[in-house]
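What follows is one structure encoded as structure tokens, with my remarks underneath.
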């Protein structure tokens with residue numbers, strides 16, 4: 024196996040989660056991957072690197088390599104890493120930071136194959152890269168596959184796959200929600216790092232509570248803090264957390280039920296519409312650095328990409 028250099032058309036396209044997922048695929052083959060970030064943010068610790076090391080259980084911390092200096096010295100360092108690892112996955116910068124032609128030239132000088140990740144939401148344009156050895160399109164709307172295949176008809180030999188939009192990849196954690204709202208935890212459990220994919224508003228509903236609140240087990244319910252009747256109705260169904268708005272703290276009955284069921288409960292200082300609007304600000308670029316998202320993205324790669332072609336890029 025060899026070196027794979029990953030770039031993207033824009034920042035936050037998903038390079039880190041793609042690199043981590045590929046590392047796990049390499050692990051599945053009984054091989055040893057090694058993750059590097061070509062141009063980390065700042066001189067200190069880099070959050071993407073720290074996440075990738077943790078998720079791939081990498082034994083060694085990546086060396087501080089200067090990708091803007093002498094290429095020959097860089098090749099020597101990478102060859103030394105290849106002596107103890109089967110493949111090196113390098114996360115490069117987006118094309119908005121370094122032109123794709125320069126990234127392709129660097130990859131070529133290092134003897135690496137290049138993989139370009141395009142975020143559909145940021146308009147990949149009519150002429151995607153001619154420089155990469157492989158192309159993956161991410162976050163593609165459900166009914167745009169045919170249009171995209173026509174657009175990339177001259178890139179068929181390079182197109183590895185089209186990844187659809189996925190609710191799990193757009194999810195956020197309870198901790199992120201609490202921080203976003205500047206909310207106060209009233210009942211905090213060990214599940215605050217879990218991902219949330221559904222939200223429900225607890226209003227004056229006409230249907231029985233168990234019908235309305237029971238539609239999705241993985242949900243957060245947002246309800247006015249002065250409506251304990253609706254809060255108790257929500258707690259009667261499976262849910263990930265309960266958010267009370269307007270700064271109202273729960274009644275003893277609601278607090279007791281939340282504690283008994285071990286359902287996280289937080290109080291938002293905002294009213295209900297403002298709470299919903301604030302949570303909405305977490306999108307459309309949620310943090311991809313979550314172990315469940317890596318597992319999910321690996322599944323999406325295996326389902327929607329030509330894995331044989333992807334493995335060829337690693338050889």
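In the numbering used here, the protein residues as written are 24 to 338.
Positions of the beta carbon are idealized from the N, C-alpha and C atoms, including for glycine.
Terminal residues of the alpha helix (DSSP H) in which residue 49 lies: 38-51
Put residue 24 into one of helix, strand or coil per three-state DSSP. coil
Cut-off 6 Å between Cβ atoms - residues of its own chain near residue 40, not counting five sequence neighbours on either side: 311, 316, 317, 320
In three-state DSSP terms, what is residue 54? coil
From the DSSP output, read off the bridge partner residues of residue 132. None; residue 132 has no bridge partner.
Among 288, 188, 223, 102, which residue has its Cα nearest to the Cα of residue 37? 188
Since residue 303 is in the beta strand (DSSP E), which residue starts that stretch and which ends it? Counting along the chain, residue 303 falls outside any beta strand (DSSP E), though it belongs to the alpha helix (DSSP H) covering 295-303.
At the level of alpha carbons, what is the spacing between residue 16 and residue 94? Outside the shown range of the chain, which is 24 to 338, sits residue 16, and nothing can be said about it.
Reducing DSSP to helix, strand and coil, say where residue 247 ends up. The answer is strand: DSSP assigns residue 247 an E or B state.
Report back the beta-carbon spacing between residue 154 and residue 135 to the nearest angstrom; my notes put them in contact at under 8 Å. Rounded, the Cβ-Cβ distance is 12 Å, inconsistent with contact.
Member of 294, 55, 266 whose CA lies at the smallest distance from the CA of residue 80: 55
On a Cα-Cα basis, can you pick out the residue from 299, 109, 25 that is closest to residue 50? 109
Would you list the residues sitting across from residue 117 in a DSSP beta bridge? 31
Any idea what DSSP makes of residue 107, helix, strand or coil? coil
Give the secondary structure of residue 3 by DSSP, where H, G and I count as helix, E and B as strand, and everything else as coil. For residue 3 there is no data in the structure shown, the boundaries of the chain being 24 and 338.
Throw me the rounded Cβ distance for the residue 4 and residue 219 pair, which I believe falls under 8 Å. Nothing can be reported for residue 4: it is not among the residues displayed for the chain, which extend from 24 to 338.
Hey, residue 288 and residue 265: beta-carbon distance below 9 Å or not? yes
Rounded to whole angstroms, what is the Cα-Cα separation between residue 163 and residue 142? Inter-residue distance for residue 163 and residue 142 is about 8 Å (C-alpha atoms, whole angstroms).
Where do the N-terminal and C-terminal ends of the beta strand (DSSP E) with residue 264 fall, by residue? 264-268
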